[in-house]
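K.L.:
Residue numbers (our numbering): 138 to 252. Backbone N, C-alpha and C define an ideal beta-carbon position, used for all residues, glycine too. One structure follows; several queries about it will come next.
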Amino acid sequence: VQLQASGGGLVQPGGSLRLSCVASGSILRFNVMAWYRQALGKQRELVADSDIPGRTNYVDTVKGRFTISRDNAKNTVYLQMNSLKPEDTAVYYCKMSDHYGRDYWGQGTLVTVSS
138 VQLQASGGGL VQPGGSLRLS CVASGSILRF NVMAWYRQAL GKQRELVADS DIPGRTNYVD
198 TVKGRFTISR DNAKNTVYLQ MNSLKPEDTA VYYCKMSDHY GRDYWGQGTL VTVSS
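Encoded structure:
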């Protein structure tokens, strides 16, 4: 399975972006989908995740601003990011975990929040 992340770019503070992560096959095989980010000089951190029943979890710094969602028909997981801040600047990675505990990562997409 390959994951292709896209949607990053340069946006002004307060702006919005939607990241997409497309899987090469059905995402129904995965029980957890997640977005991580890694800022320059920092460790990779979990931003948001979602499981099969649709329960979601967000890091405190993005609660109320970011939304993770999925479209099973399009084999895609999204991260809608609103009210972006300079501290959201990072490379964003998608990860999907299957029922056997195997993790699959996308290649990363750069989000830069700057005026």
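1. Measuring alpha carbon to alpha carbon, tell me which residue in Ser153, Ala176 and Asp188 is nearest serine 234.
2. Using 8 Å as the Cβ pair cut-off and three pairs as the minimum, do the region 198 to 212 and the region 140 to 150 touch?
3. DSSP on lysine 232, reduced to helix/strand/coil?
4. Below 8 Å on the Cβ atoms is my guess for serine 252 versus glutamine 149; work out the distance and round it to an integer in Å.
5. Would you kindly work out how many angstroms separate the C-alpha atoms of threonine 193 and alanine 171, rounded to a whole number?
6. Beta strand (DSSP E) containing aspartate 208: first to last residue?
7. Between which residues of its own chain and arginine 181 is the CB-CB distance below 6 Å, once the five residues before and five after are set aside?
P.N.:
Checking against the coordinates, here is how it stands:
1. Stepping through the sequence shown from its first residue, residue 234 is reached at position 97. Distances from the CA of serine 234 to each of Ser153, Ala176 and Asp188 were compared; the closest alpha carbon is that of Asp188.
2. Between the region 198 to 212 and the region 140 to 150, the count of C-beta pairs closer than 8 Å stays below three; the two stretches do not touch.
3. Locating residue 232 in the sequence shown gives position 95, counting from the first residue. Of the three classes helix, strand and coil, the one that applies to lysine 232 here is strand, per DSSP.
4. On the sequence shown, residue 252 is found 115 positions in, with the first residue counted as 1. On the sequence shown, residue 149 is found 12 positions in, with the first residue counted as 1. Taking a contact as a CB-CB distance under 8 Å, the pair serine 252 and glutamine 149 counts as one, their CB atoms being some 5 Å apart.
5. Indexing the sequence shown from 1 puts residue 193 at position 56. Indexing the sequence shown from 1 puts residue 171 at position 34. Cα-Cα distance, rounded: 9 Å.
6. Counting from one through the sequence shown, the residue named residue 208 turns up at place 71. The continuous beta strand (DSSP E) containing aspartate 208 extends over residues 203 to 208.
7. Against the sequence shown, residue 181 aligns to sequence position 44. Result list for arginine 181: Tyr173 and Gln175, in chain order.
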